[in-house]
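Beneath this line is the structure, given in structure tokens, with notes to follow.
2 protein chains.
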Amino acid sequence: MNAPLLDTLRAAVGAPHVLVGGDLSAWELDWRKRYRGQALAVVRPGSTQEVATVVQACAAHGVAIVPQGGNTGLVGGSVPDASGTQLLLSLQRLNRVREIDAANLTMTVDAGCVLQAVQEAAAAQSLLFPLSLAAEGSCTIGGNLATNAGGTQVLRYGNARELCLGLEVVTPAGEVWNGLSGLRKDNTGYDLRDLYIGSEGTLGIITAATLKLYPQPAAKVTALAAVGSLEQAVGLLQCAQARLGAGLTGFEVMGGFALELVAKHFPQIRQPLAPSPWMVLLEQSDTESEVHARTLFESMLEAALEQELITDAAVAESIDQSRSLWHLRESIPLAQAEEGLNIKHDISVPVSRIPSFVAQTDARLAQAFPGARLVNFGHLGDGNLHYNVQAPEGTSAAEFLREHEAQVNELVYDAVAAHSGSISAEHGIGALKREELTRRKSAVALGLMRSIKQALDPDNRMNPGRMLGSAPTAPAP
Amino acid sequence: MNAPLLDTLRAAVGAPHVLVGGDLSAWELDWRKRYRGQALAVVRPGSTQEVATVVQACAAHGVAIVPQGGNTGLVGGSVPDASGTQLLLSLQRLNRVREIDAANLTMTVDAGCVLQAVQEAAAAQSLLFPLSLAAEGSCTIGGNLATNAGGTQVLRYGNARELCLGLEVVTPAGEVWNGLSGLRKDNTGYDLRDLYIGSEGTLGIITAATLKLYPQPAAKVTALAAVGSLEQAVGLLQCAQARLGAGLTGFEVMGGFALELVAKHFPQIRQPLAPSPWMVLLEQSDTESEVHARTLFESMLEAALEQELITDAAVAESIDQSRSLWHLRESIPLAQAEEGLNIKHDISVPVSRIPSFVAQTDARLAQAFPGARLVNFGHLGDGNLHYNVQAPEGTSAAEFLREHEAQVNELVYDAVAAHSGSISAEHGIGALKREELTRRKSAVALGLMRSIKQALDPDNRMNPGRMLGSAPTAPAP
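Protein chains in written order, with my numbering: chain A, -6 to 470; chain B, -6 to 470.
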């Protein structure tokens, strides 16, 4: 039935790049292994023009397309459904760095470039591309943009959106919009760039981007501070922002229980300060020198001690020590995985309301689910917490999820709403949170979004069933 | 004929706030006096709900709406056409600062707040709202957002878009979208905020916004540097960015002829350095101290002298001296007005291509219009030049404009296109550049924009004839 389409695709991209049958789980199974689909075919075009040809062919045959970068998304947005009718379009062969313009502080790259390769290409010219997140070794810049990825330096440099000046996009009709631009100011019509950024492949396919670069800082120094409460953590943030300004490039909070799990499962990782209800990892990027950075850090932390915002602190004395502090922070997701599955939330609230959000939600969870444990960590500087709920000690994690996930989500998302927050700070909606979005977003906003989707993809062929879609998606069996 | 509508409007906002007849030129004539329209009425609602009621009434009567803030736009986007059929909706009575959340570094304000009032409300809490531009004493934040205003600190803090976290908007159907958000991370659907920002009132009416604030810097110091060429100016920018990082908050270039005009018309304004082909005004905002700022500036400028990027420099030694350097920069538009009308261009190109753009365009203009003089200044750090063409000395400016404006525009915009630039960096499209946009924007981009307009404002009642509109607009007689 699909033979004519497959013939057209093979002619367009070459037969070796049209995969049907065999083990396609690298493309069909999502990273968290919650969604396993079946593709009509996996197609790997090698150029923007080939992407356009594939999209045109699918339009002619009425076939839906699921675009995919590194397939590292956390919300099931980049794998096909189980129907066997959706084409999986992988961008991974579009992986050229097209241009670096050092004097303009920009680089233009194909969508399939791996984030780490983008960082390295910038670094090779002594420049910085600041987007940084756990999956950087395999996620692609196209996926980062399609989901408006966040990460650890948002506080200073913004999300993926703020790091992008222009896009190249293949529209649902298979036309190429060349919106690649190295301009920092351009007020000529609607902001199509930011509409496509974060649209999760539902309005078209990002094939290239022009990104912002920055000079490499002269030094990066980290510090660890123990705080007794989240109120103090917020006070420390204000103190650090006032004294370090844009030099403050990281401000990560780690809950005491999260660090206990690291100590339990990775005892070899050094924790330099005595246990505390909360620990903050601060990073400073300095344009002058390491000595200057350390001096500033020390005087800021002394002030914070005097103001009783922190109870103890340590400034890393070498790059190795800095790395080891980041390693501690990055080990939390792995340590919680060792402890067993938990119920994850990627939420944000205004920074000022973080303490009240956590206090109220912790208390309600303790009442509703006695013994449930909270693995709490995240990007406090951005108001973004990974607020994860772990089964009571000694009980079955799988059973806890099965029995309580829906109720736990409801409780947490109600609290998020009461604190004017977001149910998806940096991971997006995908298939996982689609129903939740429909329930919780205002009717006016949903109406505007649906009008836009209908206008730009009237046949609902771009990543249907994601974000706003209506097509069913099949969870893994 | 319009009596029933006017009755409804009077009932909605109070009779004193529905103006018909009398001198309405404050609302009907644009700031540059190029567009004089005639409104069906001027309506001044006092709340978001009143705006919604007005929009609903206009929808019921099929009447088009032109939203207006401070009426300081430069492209004729905020005055009605001459038909007498369009309602002028002024946001000026929506002027409350709703909330300042210091710990979250945000403030929420009504759209009609004057920019300077927003700056002052932030400053009263020792915080900074960094948007700054010539019209700040009368432009409104709603207009700034509707046009994605730029100004003098874009280099560090971005355009209006980057300074806004959330919006409240009345849609063309008269519904209220409450997208006010103090979140720095929120990936729950399409980016409606950035779609409305820069849409020039053609998709709905911005009634309030949540804005980003920053800690006030401890000191601001400016410096003036003489450079022999734009290549050197770009080199100086790179040097300053590498050494000052985010501390560099201003980098303005001023052409020699622009400064000659200031000397001619405002001889009382001190110009501290001997004339040079180009002069650069640098501003540094420092989180530590004035001494630290000055020391950094001096060592950076010494390095620039050694690298032969600059020929001379002076660092302001007091706040008064800093102000007087900014005053010099700000006098250029006034000095060129004294010299007579000129043909203005608000263009941007990648920073790296500024020297080539100016060299080529200057040469072509000199050939096509012998004696034409170039008043050239702008925000070099953002690639944004106000590239203005003045009549040959001793000739009639009015006649030069009448005879050559179209050809000059064509020549300049062709060069902009050849350098991958924008014909409107920070002023927008409005009525003035609508035809130019249609001619120069890609068909794919225009198609996407028109689909969005059609989807969100199917009856074309929001600021018709602007940006993409089809209704005629009448220039001033």
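The beta carbon of each residue, even a glycine, is placed where N, CA and C say it ideally should be.
For residue i, the first and last residue of its enclosing beta strand (DSSP E)
{"i": "R3/B", "result": "Not the beta strand (DSSP E): R3/B falls in the alpha helix (DSSP H), residues -4 to 6."}
{"i": "Q31/B", "result": "It is not in any beta strand (DSSP E) - Q31/B carries neither H nor E in the DSSP assignment."}
{"i": "T101/B", "result": "99 to 103"}
{"i": "H372/B", "result": "366 to 372"}
{"i": "E92/B", "result": "90 to 94"}
{"i": "C106/B", "result": "Note, C106/B: premise wrong, no beta strand (DSSP E); not H, not E."}
{"i": "L82/A", "result": "79 to 83"}
{"i": "Q360/A", "result": "No beta strand (DSSP E) holds Q360/A; the alpha helix (DSSP H) holding it covers 347 to 361."}
Contact set for residue i: own chain, Cβ-Cβ below 6 Å, skip 5 residues either direction
{"i": "S415/B", "result": "S341"}
{"i": "C132/B", "result": "G63, T65, L108"}
{"i": "V351/A", "result": "L223"}
{"i": "G39/A", "result": "R86"}
{"i": "P470/B", "result": "No answer about P470/B holds up, because its pLDDT of 41 lies below 50 and its placement is not dependable."}
{"i": "G228/B", "result": "L302"}
{"i": "R3/A", "result": "V11"}
{"i": "A467/B", "result": "Residue placement at A467/B cannot be trusted, given a pLDDT of 45 that sits under 50; the coordinates are not used to answer."}
{"i": "I347/B", "result": "L223"}
Residue closest to residue i, alpha-carbon to alpha-carbon, out of the options
{"i": "G159/B", "options": "T195/A, T431/A, S413/A, A239/A", "result": "S413/A"}
{"i": "D407/A", "options": "L430/A, E299/A, A424/A", "result": "L430/A"}
{"i": "G333/B", "options": "V368/B, V163/B, V344/B", "result": "V368/B"}
{"i": "V13/B", "options": "A19/B, G221/B, V35/B", "result": "V35/B"}
{"i": "T200/B", "options": "Y28/B, L206/B, G135/B, G182/B", "result": "G135/B"}
{"i": "L298/A", "options": "Q42/A, A233/A, K337/A", "result": "A233/A"}
{"i": "T304/B", "options": "W271/B, L461/B, V401/B", "result": "W271/B"}
{"i": "L425/A", "options": "L67/A, C106/A, A19/A", "result": "L67/A"}
{"i": "K33/A", "options": "L81/A, R27/A, A8/A, P385/A", "result": "Here the sequence assigns Leu to residue 33/A, which means Lys is not the residue at that position. Closest by alpha carbon: L81/A."}
{"i": "R25/A", "options": "A418/A, K257/A, Q118/A, P326/A", "result": "P326/A"}
{"i": "E323/A", "options": "E129/A, R27/A, E283/A", "result": "E129/A"}
{"i": "L156/A", "options": "N180/A, R236/A, S125/A, V169/A", "result": "S125/A"}
Run of the alpha helix (DSSP H) containing residue i, from where it starts to where it stops
{"i": "P326/B", "result": "312 to 332"}
{"i": "H379/A", "result": "Where H379/A is concerned, there is no enclosing alpha helix (DSSP H), although the beta strand (DSSP E) it sits in stretches over 377 to 383."}
{"i": "V255/B", "result": "249 to 258"}
{"i": "E161/A", "result": "It is not in any alpha helix (DSSP H) - E161/A instead sits in the beta strand (DSSP E) that spans 157 to 163."}
{"i": "N137/B", "result": "134 to 139"}
{"i": "K337/B", "result": "Here K337/B belongs to no alpha helix (DSSP H), and DSSP marks it neither H nor E."}
Listed by chain order, chain A residues near residue i by CB distance under 8 Å
{"i": "I473/B", "result": "Nothing can be reported for residue 473/B: it is not among the residues displayed for chain B, which extend from -6 to 470."}
{"i": "V147/B", "result": "R177, K178"}
Interface partners of residue i on chain B, CB under 8 Å
{"i": "I422/A", "result": "N180, T181, G182"}
{"i": "E276/A", "result": "Here the premise fails: no neighbours, minimum Cβ distance about 14 Å."}
Within chain A, the residues that residue i reaches when beta carbons sit closer than 9 Å
{"i": "V100/B", "result": "Rather than Val, the amino acid found at residue 100/B in this sequence is Met. Those within 9 Å of M100/B in chain A number zero; the least Cβ separation is about 12 Å."}
{"i": "V405/B", "result": "In chain order: nothing, as chain A lies at least about 15 Å away."}
{"i": "I190/B", "result": "D184, D187"}
{"i": "M247/B", "result": "Per Cβ cutoff of 9 Å: no residues; M247/B is ~18 Å from chain A at best."}
Residues that residue i contacts on chain A, provided the C-beta gap is smaller than 7 Å
{"i": "K434/B", "result": "T181, G182"}
{"i": "R236/B", "result": "T280"}
Neighbouring residues, chain B, relative to residue i (Cβ below 9 Å)
{"i": "G70/A", "result": "Correct list: empty, because the minimum Cβ distance to chain B is about 11 Å."}
{"i": "L449/A", "result": "L441, S444, I445, A448"}
Interface partners of residue i on chain B, CB under 7 Å
{"i": "I152/A", "result": "Note that residue 152/A is Asn in the sequence shown here, rather than Ile. Here the neighbours are K178."}
{"i": "I93/A", "result": "Chain B residues near I93/A: none, gap ~11 Å exceeds 7 Å."}
Contact set for residue i: own chain, Cβ-Cβ below 8 Å, skip 5 residues either direction
{"i": "A110/A", "result": "N88, V90"}
{"i": "A52/B", "result": "P165, A166, G167, D452, R454"}
{"i": "P268/A", "result": "G249, L252, E253"}
{"i": "V6/B", "result": "V36, R37, P38, G39, E43, T46, V47"}
{"i": "Q329/B", "result": "A251, L254, N335, V368, N381, Q383"}
Same chain only: Cβ atoms within 7 Å of residue i, ignoring 5 sequence neighbours per side
{"i": "P465/B", "result": "Note that P465/B scores 40 on pLDDT, short of 50, meaning its location in the model is unreliable; the coordinates nonetheless yield the value given after this. Within the same chain, P465/B has close Cβ partners D74, G458."}
{"i": "L(-2)/B", "result": "A50, H54, V56"}
{"i": "Y189/B", "result": "L160, V162, L196, G197, I199"}
{"i": "S317/B", "result": "R263"}
Closer than 7 Å to chain E by CB, residue i
{"i": "I445/B", "result": "The structure shown contains no chain E; its protein chains are A and B."}
_Does the contact criterion of 3 or more C-beta pairs under 8 Å hold for the segment 370 to 377 of chain B versus the segment 134 to 151 of chain B?_
When C-beta atoms of the segment 370 to 377 of chain B are compared with those of the segment 134 to 151 of chain B, three or more pairs fall below 8 Å, so the two segments count as touching.
*Contact between the segment 243 to 251 of chain B and the segment 271 to 279 of chain B (3+ Cβ pairs under 8 Å)*: Cβ pair count under 8 Å is three or more, so yes.
*Using 8 Å as the threshold, is the segment 204 to 215 of chain B in touch with the segment 306 to 322 of chain B, meaning 3 or more CB pairs across them?*
The segment 204 to 215 of chain B is in contact with the segment 306 to 322 of chain B.
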